[in-house]
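**Student:** Have a look at this one.
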Amino acid sequence: MSGDKPKVVTLLGIRPDYIRMFKVIELFDATDAFEHVLVHSGQHYDDELYGTFLKQCGVRQPDIDLGVGKTLQQQGKNNHALQLSLLSERVFDMIEEVQPDVIVYLGDTNTILSSVVVARSGVPVVHIEAGGRSYDWRMPEEKNRVIIDHLSDAMYSYLPRYKNILVAEGIPEFRVESVGNLIHDSVELLAPHIEKSDILGKLDEQSQNYILVTLHREENVSNKEILERKLRELVRFAQEKDLPIVFPVMPRVRGLLEKYELDSILEDDHVIRTEPLGFFEFAKLEKEARLIVSDSGTVQEEALILGVPCVIARRSTERPETIWAGATILEGFEGEETLYEAMQEAFDMDTSWDRTVLNPEGGSPSERLAADFIEKMQAGFFDKSRQYEHMKNSPFVRQAYGKEKPSK
1 MSGDKPKVVT LLGIRPDYIR MFKVIELFDA TDAFEHVLVH SGQHYDDELY
51 GTFLKQCGVR QPDIDLGVGK TLQQQGKNNH ALQLSLLSER VFDMIEEVQP
101 DVIVYLGDTN TILSSVVVAR SGVPVVHIEA GGRSYDWRMP EEKNRVIIDH
151 LSDAMYSYLP RYKNILVAEG IPEFRVESVG NLIHDSVELL APHIEKSDIL
201 GKLDEQSQNY ILVTLHREEN VSNKEILERK LRELVRFAQE KDLPIVFPVM
251 PRVRGLLEKY ELDSILEDDH VIRTEPLGFF EFAKLEKEAR LIVSDSGTVQ
301 EEALILGVPC VIARRSTERP ETIWAGATIL EGFEGEETLY EAMQEAFDMD
351 TSWDRTVLNP EGGSPSERLA ADFIEKMQAG FFDKSRQYEH MKNSPFVRQA
401 YGKEKPSK
């Protein structure tokens with residue numbers, strides 16, 4: 001370990017990361033077991049998506065901002081290859097400067113791909129939200145999940161099912177802990193702030209009298225034909241139900257709407273187009289909506305907890321438990337009017353589902369995670385877990401070294 005006290009870096013990149021991690025950040029900051037360094041990759045660099053939430057929730061500013069997104073914007077260059085290249089370079093420089101003993105990641109965004117550099121530098125990697133699988137290899141996020149899980153020294157999964165997936169992929173069981181879904185803490189602990197939001201008054205909307213929509217995933221917005229079809233199906237449904245659509249439009253989506261010349265679709269009287277909203281405003285809209293349509297994994301979980309029907313506007317999901325609970329409808333694979341049909345199905349669905357399925361143990365997932373991680377740090381887990389003596393009983397290791405024959 002470096003210095004008198006080990007250093008733990010938490011490296012986050014987008015607003016949903018902070019929504020999930022705000023309680024864990026507080027607990028990591030409060031412990032004497034290690035020095036906690038909060039690093040922002042800069043993948044989200046718009047103040048509405050990143051800075052506003054931190055200010056609203058009282059989450060401290062990161063110690064280091066790698067500024068990746070803003071740099072690429074200033075250069076007029078922004079694609080996955082350039083983003084990953086610059087991110088890798090800056091994470092390597094951060095490792096050289098900070099000398100962390102462990103780096104903690106959450107989720108499945110491009111930020112977590114820098115874990116390749118971290119692992120290659122010999123620094124232990126921890127992945128929160130491990131084991132989620134859509135088994136849809138077309139999703140960029142699916143590749144990201146598989147990569148970081150198989151690079152990680154320790155993983156925290158939300159449910160036992162995710163842990164079982166990781167073990168089935170050959171990851172030693174001792175590396176994975178199931179703690180419950182962190183979003184439960186976010187919704188529960190921030191509920192008083194959510195209730196105070198006056199966003200309905202600002203938009204002149206009433207509870208249960210609108211459809212909330214978000215779209216941002218590449219599969220939905222990077223193809224003009226797919227995006228146009230989804231927008232037209234949304235507007236058609238709103239017209240038939242005579243309900244307004246509230247649609248917060250992210251900066252990248254705004255640019256694509258202009259590029260594809262699709263803005264005119266959203267000029268319908270049933271569409272209320274807004275700028276990106278703060279977490280409390282958006283959560284208030286979720287809570288009071290008649291129906292939610294979103295391609296966000298976080299939103300589909302929040303909808304379940306809040307008791308609001310949700311259409312997952314995607315081909316697949318790594319969070320099928322929301323479907324099994326009867327809280328969400330998956331649009332499914334490409335086809336004509338699939339979104340419209342899913343909205344019809346979800347509109348009158350029964351909302352008496354079990355709202356605790358994402359946190360079956362009850363209590364605070366953040367507290368369970370932090371307690372286990374602190375214990376691991378104090379016990380020297382990240383040194384011991386890399387020793388052959390600790391891994392030799394793994395059936396995969398025993399087979400590889402000829403200790404036992406693999407089963408046919």
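Position 181 (the sequence shown) corresponds to 181 in our numbering; numbering is contiguous.
Heads up, the beta-carbon is just placed ideally off N, CA and C, and yes, glycines get one too.
Taking the CB atoms as reference points, tell me whether Pro-6 and Glu-35 lie closer together than 9 Å.
**Tutor:** Yes, Cβ-Cβ distance for Pro-6 and Glu-35 is below 9 Å.
**Student:** Please list, in chain order, all residues of the same chain as Glu-409 whose beta carbon is under 7 Å from its beta carbon, the five residues on each side excluded.
**Tutor:** This structure does not reach residue 409, given that the chain is present from 1 up to 408, and the question cannot be answered.
**Student:** Buried or exposed: where does Arg-217 fall if 16 or more other Cβ atoms within 10 Å of its Cβ makes it buried?
**Tutor:** So Arg-217 counts as buried.
**Student:** Taking DSSP's pairing of strands, which residues face Ala-154 in a bridge?
**Tutor:** According to DSSP, which records beta bridges pairwise, Ala-154 is partnered with Val-126.
**Student:** By Cβ distance, which residues of its chain are closer than 6 Å to Ser-364, with the 5 residues on each side in sequence left out?
**Tutor:** Within the same chain, Ser-364 has close Cβ partners Asp-185.
**Student:** Along the chain, where does the beta strand (DSSP E) that runs through Phe-247 open and close?
**Tutor:** Start and end: 245-248.
**Student:** If you check the beta carbons only, do Leu-266 and Val-235 fall under 9 Å apart?
**Tutor:** Yes, they are a contact pair.
**Student:** Out of Leu-190, Val-118 and Val-249, which one is the CA nearest neighbour of Gly-58?
**Tutor:** Measuring from the Cα of Gly-58, the nearest candidate turns out to be Leu-190.
**Student:** Measure the C-alpha to C-alpha separation of Thr-328 and Leu-291 and round it to an integer number of angstroms.
**Tutor:** Their backbone Cα atoms lie some 10 Å apart in a straight line.
**Student:** Are the beta-carbon atoms of Gly-131 and Val-176 separated by less than 9 Å?
**Tutor:** Cβ distance < 9 Å, so Gly-131 and Val-176 count as in contact.
**Student:** Starting from the C-beta of Glu-219, find all residues in its chain whose C-beta is less than 6 Å away, skip the five residues before and the five after it, and write them out in chain order.
**Tutor:** Around Glu-219: no qualifying Cβ.
**Student:** Where does Phe-174 land, buried or exposed, given buried means 16+ other C-beta within 10 angstroms?
**Tutor:** Exposed, since its Cβ has fewer than 16 Cβ neighbours within 10 Å.
**Student:** Around the C-beta of Ala-400, are 16 or more other C-beta atoms found within 10 angstroms, so that it is buried, or is it exposed?
**Tutor:** Looking at its Cβ environment, which holds fewer than 16 other Cβ atoms inside 10 Å, Ala-400 is exposed.
**Student:** When DSSP labels each residue in this structure, what does Glu-331 get in the three-state scheme?
**Tutor:** Note: Glu-331 maps to coil in three-state DSSP.
**Student:** Quick check: the Cα distance between Ser-352 and Trp-324, rounded to an integer number of angstroms?
**Tutor:** C-alpha separation (whole angstroms): 13 Å.
**Student:** DSSP three-state call for Arg-232: helix, strand or coil?
**Tutor:** In this structure, Arg-232 counts as helix in the three-state DSSP scheme.
**Student:** Kindly indicate the opening and closing residues of the beta strand (DSSP E) around Leu-291.
**Tutor:** Element bounds for Leu-291: 291-294.
**Student:** Which runs of the beta strand (DSSP E) spanning at least 3 residues fall entirely within the region 254-279, listed in chain order?
**Tutor:** For the region 254-279, whole beta strand (DSSP E) runs of length 3 or above, ordered along the chain, are 271-274.
**Student:** Label Val-68 either buried or exposed according to how many other C-beta atoms from any shown protein chain fall within 10 Å of its C-beta, with 16 as the threshold for buried.
**Tutor:** Per the 10 Å Cβ criterion, buried.
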